[in-house]
Amino acid sequence: MLPHRLKAVLLLIFLWSDTSAGPLADSIPGLRTPDSSVSFLVLGDWGRNGSPVQQRVAGKMAEAAEQVGASFVVVTGDNFYDNGVRDTADAQWKTSFENVYTAPSLQVPWYVVLGNHDYHLNPDAQVMYTLKNTRWQMPQRYYSVSVPVYGDTLLFLFIDTDPIEKDFLGRAHDSLKYPENGVALQLEWMEKTLAASRAKWKVVVGHHPPHTGGARRHSSRTRKMRSVLQPLFYRHGVDFYISGHEHHLEYLKPRKGPTHYIISGAGSEARHVGWLKRYRQFAARKKGFALLSIGNSVAQVNFIDQSGRLLFSRQFRK
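Numbering (the working numbering), first residue to last: 1204 to 1521.
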């Protein structure tokens, strides 16, 4: 027979090996998702060559994704600081993306939009990278994706907001970067795609927010973005608009209209955010990401910071 002390040691080894085989069930304490729902992460303003903050956020993304079984990642732009990438062989594909988000739970499709920083060098390199890495999904500068949700459909429109903003400034006709009539064509596509859809849930993803409590809340560019996008959202019953650009985490619901606004732009940096009147709002100057779960009749929005703390969780019924 084994001595009692040896038995105790062997028992401890067994217990340790059993519990350390993978993350605990509640890596993110308090995080729950509705039954029969599709879950996805939302990351924005993130690519900084694997900085310590970026690595910490990536680690908690991996834990959250495994905990809820996330199906994909939505990326809200400013993917490579400070100037985007030159081509599909740019070193930043490794240093800011492939070598950072390595966890098995993050080897899912990443549906990506462009941010203003991504336009500095070669925005189309990020489109072309779709052919090189199947995880990276940006088949065009704007595109749609339909996701089955237990008998219903979740429609995503991934849009390119930088030309819309530049159009306000009279700089949206720079040959390759901003083709002539590009803004009008995109808005026409959005109108037709949303009008034709019978999806239960409609979600639009772009880089620039029409509403924000951040530094750009009084900007004429924000007001003009709102004047272009918000009427379209009203007409077609868009449920969520998800963006980045502002480096914080925020949920906003204006009193009028069907649309909930989500800002997840804190993938590697956080800046000040204030409070707005006449909105239902949550705001945090925290580095982190969002996690959404959408089912047949309920959607849930969560914000999680770089330490794995659940900052905010709210459900919406439809």
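Don't be surprised by glycine CBs; every beta carbon is placed ideally from N, CA and C.
Bear in mind that the values here come from a model prediction, so they are computed numbers and not experimental data.
Buried or exposed for residue i, going by 16 or more other Cβ atoms inside 10 Å?
i	result
residue 1281	buried
residue 1391	exposed
residue 1505	buried
residue 1320	buried
residue 1220	Because the pLDDT of residue 1220 is 36, which lies under 50, any placement of that residue in the model is unreliable, and the question is left without a value.
residue 1364	buried
residue 1337	exposed
residue 1342	exposed
residue 1264	buried
residue 1412	buried
residue 1310	exposed
residue 1379	exposed
residue 1421	exposed
residue 1521	exposed
residue 1305	exposed
residue 1266	buried
residue 1326	buried
Taking 7 Å as the limit between beta carbons, can you name the residues of its chain near residue i, skipping five residues before and five after?
i	result
residue 1340	1312, 1313, 1314, 1315 and 1333
residue 1497	1240, 1241, 1352, 1357 and 1404
residue 1371	1424 and 1427
residue 1355	1403 and 1499
residue 1260	1470, 1471, 1490, 1491, 1492 and 1509
residue 1346	1361
So for residue i, helix, strand or coil by DSSP?
i	result
residue 1402	coil
residue 1446	strand
residue 1146	Any question about residue 1146 goes unanswered here, given that the chain covers just 1204 to 1521.
residue 1494	strand
residue 1299	helix
residue 1340	strand
residue 1386	helix
residue 1271	helix
Quick one: residues in its chain with C-beta nearer than 6 Å to the C-beta of residue i, no 5 flanking neighbours on either side, listed in chain order?
i	result
residue 1437	1460
residue 1486	1416, 1453 and 1476
residue 1455	1414, 1464, 1482 and 1484
residue 1299	1250, 1252 and 1283
residue 1518	1501 and 1503
residue 1385	1366
residue 1349	1356 and 1358
residue 1308	1265, 1268 and 1269
Please report the Cβ distance between residue i and residue j, rounded to the nearest whole angstrom; I am assuming they are in contact, meaning their Cβ atoms lie under 8 Å.
i	j	result
residue 1416	residue 1453	6 Å
residue 1289	residue 1317	At roughly 15 Å, the Cβ-Cβ gap does not stay under 8 Å, so residue 1289 and residue 1317 are not in contact.
residue 1406	residue 1357	7 Å
residue 1328	residue 1279	That belief does not hold up - the Cβ atoms of residue 1328 and residue 1279 are roughly 18 Å apart, past 8 Å.
residue 1493	residue 1467	4 Å
Looking at the secondary structure, which residues open and close the beta strand (DSSP E) in which residue i lies?
i	result
residue 1453	1452-1457
residue 1503	1501-1508
residue 1483	1482-1487
residue 1465	1463-1467
residue 1307	It is not in any beta strand (DSSP E) - residue 1307 carries neither H nor E in the DSSP assignment.
residue 1517	1513-1520
residue 1357	1355-1361
residue 1243	1240-1246
residue 1314	1313-1315
residue 1254	Residue 1254 -> no beta strand (DSSP E), and no H or E assigned at all.
residue 1349	1346-1352
residue 1275	1275-1278
Near residue i, which residues of its chain fall below 8 Å by C-beta distance, leaving aside the five closest residues on each side in sequence?
i	result
residue 1489	1451, 1452, 1469, 1473, 1506, 1508, 1509 and 1514
residue 1435	1390, 1393, 1394, 1397 and 1441
residue 1286	1320, 1323 and 1324
residue 1254	1471
residue 1238	1498
Residue range of the alpha helix (DSSP H) that residue i falls in?
i	result
residue 1328	1326-1331
residue 1432	1423-1439
residue 1367	1365-1371
With a threshold of 8 Å between beta-carbons, can residue i be considered close to chain B, or not?
i	result
residue 1319	Looking for chain B here will not work: only one protein chain is present.
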